[in-house]
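Numbering (this note's numbering), first residue to last: 30 to 146. All C-beta atoms, glycine included, are put in the ideal place defined by N, C-alpha and C. Report on one structure; see the data block that follows.
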């Protein structure tokens, strides 16, 4: 299974981007997923996670601006980012647990998000 992340780019403050993370190469579905980000010189932080029960949790700094979602049929998770700020600049990674019963952990390759002031 591979996770392919896409959708990053350069945007002005106040703009929007939508990240996608698609699982391919296997037959099992994404059970739970998370979006992380890592800014230069900082530790990787969890931005949003989608639990196996469908609950979605956000780090405080993105609440009200970011929306995580999933499409079961496409085996894809998304992160809609609105009202972007320069401090959102980071490499964004998706992570997913795939499988039923036994879960396997996968990371996407990371996509750069740069927000200019």
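Going by DSSP in three states, residue i sits in which element: helix, strand or coil?
i           : result
residue 78  : strand
residue 49  : strand
residue 106 : strand
residue 40  : strand
residue 30  : coil
residue 91  : helix
residue 72  : coil
residue 63  : strand
Thinking C-alpha only, which one of the options is nearest residue i?
i           : options             : result
residue 94  : 44, 35 and 30       : 44
residue 115 : 68, 79 and 52       : 68
residue 39  : 131, 118 and 130    : 118
residue 32  : 106, 88 and 142     : 106
residue 110 : 87, 131, 70 and 102 : 87
Can you name the residues that DSSP bridges to residue i?
i           : result
residue 101 : Looking at the DSSP assignment, residue 101 forms no beta bridge with any residue, so it has no partner.
residue 96  : 109
residue 86  : 78
residue 138 : Answer by DSSP bridge pairing: none, since residue 138 is not bridged.
residue 145 : 41
residue 132 : Paired residue(s): none; residue 132 is not in a bridge.
residue 119 : 142
residue 35  : 49
Spatial neighbours of residue i within its chain, please: CB distance less than 7 Å, with the 5 preceding and 5 following residues excluded, ordered by chain position.
i           : result
residue 138 : 34
For the region 119-127 against the region 82-101, are there 3 or more C-beta pairs whose distance is under 8 Å?
Output reads no: the region 82-101 does not touch the region 119-127.
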